[in-house]
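Notes to accompany the following structure.
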DNA sequence: CCCTTAATGATAATTGATGCCGATAGTGTT
DNA sequence: AACACTATCGGCATCAATTATCATTAAGGG
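Protein chains in written order, with the numbering used here: chain A, 937 to 1087; chain B, 937 to 1087.
Here is the structure:
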């Protein structure tokens, strides 16, 4: 859970016998320049890169997102929308959690150092190598509580 | 986040103009009798009920799981296996969180009252109606750290 | 006991994600 | 700098979990 650069990513890939590629650098770069609170699905990223003329195949995008999530570079978010979203995994004090409305999918970020610490401690206690830790709250937002739309 | 019975479920459904059905009662019952630490996918539940002669169509199972999750009766878990798992949503002190190995998918439960409280407080603060709150840790378990299998 | 309509079951359709494979291009070595 | 090895890419086929459709059934309020 630290800040990656193209160089440190290459180093870590090579250490494992893997390779740095322009596609991986492009994707890392895209997430590093994403505003805090923004997150992308595979499709989002694909379109977004397509528009800036840096098109990368969907296959590679899916592969790379999974790879980076498993390396701890990206966080895989389940925002109740039927598909995964990704964001860069920044360390404390940028680390945050999500409060999600299950009806309209509106998502709020919030920070909570205590929950983060609890996660870190639990992983250590069990001897696990921590990649990500998220307190996810599913709830109904005020405006959806008032709405008459069923569930 | 409280313990549902067939009666209280019926009451809450009727209040919203919906109906109690034998299928919904069967499914609620199945989860209430599931051991702590167990969770089922839609397919799991389907097979499980099929075997006890209480067969319910897959369509209805999917519909009911989603309904109950959105009512706060069930928790929807993402255990990194490509499909959702569900478990009954028990209140404190039975409430727990999950530590998941992203390589082998082995999952450990753990309790942490502080994280739960942090979630409850955050939802209240924003005026959200809480359904579920889970601290999910993605990590690599000790045996997978030693394994040479890539990612 | 009706009547309205929510809910079910069977099946088709959708779609996020993965597998496959020939072509391409990083990386360590010579 | 050229080479060999093989990880990675792109394009497409495929898969599997989930959702949509719709005729039929049956809750539950009046």
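Cβ coordinates follow ideal geometry from the N, Cα and C atoms, glycine included.
Taking all protein chains shown into account, do 16 or more other C-beta atoms lie within 10 angstroms of the C-beta of residue i, making it buried, or fewer, making it exposed?
{"i": "residue 1075/A", "result": "buried"}
{"i": "residue 960/A", "result": "buried"}
{"i": "residue 1028/B", "result": "exposed"}
{"i": "residue 1037/A", "result": "buried"}
{"i": "residue 939/A", "result": "exposed"}
{"i": "residue 1019/A", "result": "exposed"}
{"i": "residue 1021/B", "result": "buried"}
{"i": "residue 984/B", "result": "exposed"}
{"i": "residue 950/A", "result": "exposed"}
{"i": "residue 989/B", "result": "exposed"}
{"i": "residue 953/A", "result": "exposed"}
{"i": "residue 972/A", "result": "exposed"}
{"i": "residue 1072/A", "result": "buried"}
{"i": "residue 1039/B", "result": "buried"}
{"i": "residue 941/B", "result": "exposed"}
{"i": "residue 1091/B", "result": "The first residue shown for chain B is 937 and the last is 1087, placing residue 1091/B beyond what the model contains."}
{"i": "residue 991/B", "result": "exposed"}
Looking at the unbroken alpha helix (DSSP H) that takes in residue i, where does it start and where does it end?
{"i": "residue 1032/A", "result": "First-last for residue 1032/A: undefined, no H or E at that position."}
{"i": "residue 894/B", "result": "In the structure displayed, chain B extends from 937 to 1087; residue 894/B sits before or after that span and is not available."}
{"i": "residue 1083/A", "result": "From DSSP, residue 1083/A is part of no alpha helix (DSSP H); its letter is neither H nor E."}
{"i": "residue 946/A", "result": "942-951"}
{"i": "residue 1089/B", "result": "Summary: the structure shown does not reach residue 1089/B, with chain B confined to residues 937 through 1087, and so no result is reported for it."}
{"i": "residue 1101/A", "result": "In the structure displayed, chain A extends from 937 to 1087; residue 1101/A sits before or after that span and is not available."}
What are the partner residues of residue i, as DSSP defines its beta bridges?
{"i": "residue 1075/B", "result": "1066/A and 1037/B"}
{"i": "residue 1045/A", "result": "1034/A"}
Within the continuous beta strand (DSSP E) that includes residue i, where are the two ends?
{"i": "residue 1011/A", "result": "1010-1014"}
{"i": "residue 1024/B", "result": "1021-1024"}
Members of the segment 1045-1058 of chain B that neighbour chain A once the beta carbon cut-off is set at 8 Å
Correct list: 1046, 1048, 1050, 1051, 1054, 1055 and 1058.
Does the segment 991-998 of chain B come close enough to the segment 969-976 of chain B that 3 or more CB-CB pairs lie under 8 Å?
They do not touch, by the three-pair rule.
Chain-ordered residues of the segment 1064-1076 of chain A with a beta carbon less than 8 Å from chain B:
Per Cβ criterion, the list reads 1064, 1065, 1066, 1067, 1068, 1069, 1070, 1071, 1072, 1073, 1074, 1075 and 1076.
Scan the segment 996-1019 of chain B for residues whose Cβ lies nearer than 9 Å to a Cβ of chain A and list them as they occur along the chain.
Residues of the segment 996-1019 of chain B with a Cβ closer than 9 Å to any Cβ of chain A, in chain order: 1002, 1003, 1005, 1006, 1007, 1008, 1011, 1012, 1014 and 1016.
Contact the segment 1019-1034 of chain B vs the segment 1047-1056 of chain B: 3+ CB pairs below 8 Å:
With the cut-off at 8 Å, the segment 1019-1034 of chain B and the segment 1047-1056 of chain B touch.
Compile a chain-ordered list of the residues in the segment 956-973 of chain B whose CB is closer than 7 Å to at least one CB of chain A.
Sequence-ordered contacts of the segment 956-973 of chain B with chain A are nonexistent [C-beta pairs closer than 7 Å].
Is there contact here, the segment 945-956 of chain B with the segment 1055-1069 of chain A, by at least three beta-carbon pairs under 8 Å?
They do not touch, by the three-pair rule.
For the segment 1019-1030 of chain A, which residues have a beta carbon sitting closer than 7 Å to at least one beta carbon of chain B?
So the list is empty, because no residue satisfies the distance condition.
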